[in-house]
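Notes follow the structure.
Residue numbers (our numbering): 5 to 522.
The structure is reproduced here in structure tokens:
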């Protein structure tokens, strides 16, 4: 997203918050209006519940049937309000209706007991006119104090049925009063809930107004700061990186996830850095190759001179040692001390070793150009290994070759390459192990992988193994891999050690399939 679009988006976001606030306030107004109606209904229910309790007390105090009629009226009002208000007052109404029904059944039972009590009192009045005053008093206050009246009547005229009736009446009155208290409590809860909901809506509206307006301003300002700081930060990072690149260091910037103008600039800069790094690496590689070639040329000149100067004296020493050896063989062993025989044998062996070193020096110094032609590499490799096998009797070496590939090479020089490489592998494996050659190719090059299970090459030695006179063997000349390197390099190819090999050694050679135009 472009920077311009981000700025427009931040403005639209802030404006959208204000629009949301307006819409929310509009709906909150209708919610408050609706909750006011619900609160009014809840207040009516609470008022009717209070009136119900008041007439209940009056009925029990005065035993007035008119009060009983008012009780029934308020029960009907409460039941009607409860049924009509289910959608508005969602909590407590089911419990209220249940208590109203229980209350009505209870008051009906009290009414029935009262009628039975009046009938019993009238019978007692007819039987004993002397008790009329007491019975009139009991009849007017039996609802207020049913137990006391039961004791009074028992004292005046023992009657178990009347006593039982008044005791039952006492229990029903207690139950009714408890139900009345429950109805009042439920109505108060309904009223409180309705009031709480309305207060919550009003509070929410106020909070929305107090929060969303500052939020709209803060969000807009925050987004503006973030966008500007993000752009400035990335531009500063890009500027510092450009300065580092000017000093020869080529750091890569983190790949941005955004798709704005600065991000596109960073991606373009990263591509430029990659190209500079690749060009710098190529220049370094060319410089190393040039330095190596200069080293090899200087060493070749030196080696040629040294080999020439050493060759004639070595030949004379070797011939003299051979003559002495023949003379000693004709002399009786007892007449020739052992130390002399041992010394002559050492001279012979060391002279042969030095002549071999001189021979390698001459080979290294010549560095003749290869006579290139299409050659079958598998045939060359099979021939070389057969020669080594007949020479060293390699019965404990498991040798395999995979693939049949051709390359534009000098057959004789490649034989020398494989002789040196196989000799090193066999020495590293102590003449037992696995030696494997894999031949593959692509459109332009043939690849040769030589894998052994020997002791391997240390990481700090891999960069030097192709240098002249560097050897990891105690009796090595350090020229074998240098000769191999020169031959492969003269063929326009490359040779290196695979750094990912964990055990043994894996050499990879690449050779062109066709002659490289000069």
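By construction, the Cβ of each residue, glycine as well, lies at the ideal position given by its N, Cα and C atoms. Bear in mind that the values here come from a model prediction, so they are computed numbers and not experimental data.
Check: Pick helix, strand or coil for residue 516, following the three-state DSSP scheme.; Outcome: strand
Check: Do you know whose CA, among 395, 433, 403 and 447, lies nearest residue 411's CA?; Outcome: 447
Check: In its own chain, which residues sit with a C-beta less than 6 Å from the C-beta of residue 322, not counting the 5 before and 5 after it?; Outcome: 355
Check: Can you give me the C-alpha to C-alpha distance between residue 513 and residue 353, rounded to a whole angstrom?; Outcome: 35 Å
Check: For residue 522, which of helix, strand or coil comes out of DSSP?; Outcome: Caution applies to residue 522, whose pLDDT of 40 falls short of 50 and renders its modelled position unreliable; the value that the coordinates give is listed next. It is coil, neither helix nor strand.
Check: Three-state secondary structure (DSSP) at residue 470?; Outcome: coil
Check: Do you know offhand how far residue 444's Cα is from residue 416's?; Outcome: 21 Å
Check: Is the beta carbon of residue 494 less than 8 Å from the beta carbon of residue 373?; Outcome: yes
Check: What separation, rounded to the nearest whole angstrom, lies between the Cα atoms of residue 395 and residue 281?; Outcome: 50 Å
Check: Within 8 Å, do at least three Cβ pairs link the segment 30-48 to the segment 74-94?; Outcome: yes
Check: Could you give the DSSP three-state label for residue 92: helix, strand or coil?; Outcome: coil
Check: Could you work out which residue in 208, 403 and 413 is closest to residue 455 when comparing CA atoms only?; Outcome: 403
Check: Spatial neighbours of residue 76 within its chain, please: C-beta separation below 7 Å, excluding the five flanking residues on both sides.; Outcome: none
Check: I'd like the span of the alpha helix (DSSP H) that includes residue 440, first residue to last.; Outcome: Careful: residue 440 lies outside any alpha helix (DSSP H), inside the beta strand (DSSP E) at 437-445.
Check: Cα separation between residue 385 and residue 290?; Outcome: 31 Å
Check: Just the C-alpha distance for residue 328 and residue 348, rounded to the nearest angstrom, thanks.; Outcome: 8 Å
Check: Can you list, in chain order, the residues of its chain whose CB lies under 6 Å from that of residue 185, leaving out five sequence neighbours each side?; Outcome: none
Check: Report the residue ranges of all alpha helix (DSSP H) runs contained in full by the segment 341-420; include only those spanning at least 4 residues, in chain order.; Outcome: 342-370 and 381-396
Check: Residue 424 to residue 484, Cα distance in whole Å?; Outcome: 6 Å
Check: In chain order, what residues of the same chain lie with their CB nearer than 8 Å to the CB of residue 429, ignoring the 5 residues before and after it?; Outcome: 439, 454, 456, 458 and 509
Check: When you compare the CB positions of residue 114 and residue 71, do they come within less than 8 Å of one another, or not?; Outcome: no
Check: If you reduce the DSSP assignment to three classes, tell me which class residue 200 lands in.; Outcome: helix
Check: If contacts are defined as beta-carbon pairs under 8 Å, then residue 34 and residue 56 qualify, I think. What distance do you get, rounded to the angstrom?; Outcome: In fact, because the Cβ distance is near 33 Å, the residues do not count as touching under 8 Å.
Check: Considering only residues of the same chain and omitting the five flanking positions on each side of residue 194, which have a CB-CB separation below 8 Å?; Outcome: 46, 49, 50, 93, 95, 96, 97 and 100
Check: With 16 other CB atoms within 10 Å as the buried threshold, where does residue 389 fall?; Outcome: buried
Check: Considering only the beta carbon of each residue, do residue 452 and residue 381 sit closer than 8 Å?; Outcome: yes
Check: With distances taken between CB atoms, is the gap from residue 39 to residue 198 smaller than 8 Å?; Outcome: yes
Check: Quick one: Cα of residue 522 to Cα of residue 276, how far?; Outcome: Note that residue 522 scores 40 on pLDDT, short of 50, meaning its location in the model is unreliable; the coordinates nonetheless yield the value given after this. Cα to Cα, residue 522 sits roughly 31 Å from residue 276.
Check: Roughly how many whole angstroms lie between the Cα atoms of residue 503 and residue 401?; Outcome: 24 Å
Check: Can you have a look at residue 435 and say buried or exposed, based on whether 16 or more other CB atoms are within 10 angstroms of its CB?; Outcome: exposed
Check: Over what stretch of residues does the beta strand (DSSP E) that includes residue 449 continue unbroken?; Outcome: 449-456
Check: For the putative contact between residue 104 and residue 83, defined by C-beta atoms under 8 Å, what is the C-beta separation to the nearest angstrom?; Outcome: 5 Å
Check: If you check the beta carbons only, do residue 53 and residue 191 fall under 8 Å apart?; Outcome: yes
Check: Considering residue 461, what are the terminal residues of the beta strand (DSSP E) in which it resides?; Outcome: Segment: none, residue 461 is in no beta strand (DSSP E) and carries neither H nor E.
Check: For residue 470, tell me which candidate among 409, 489, 462 and 464 has the shortest Cα-Cα distance.; Outcome: 489
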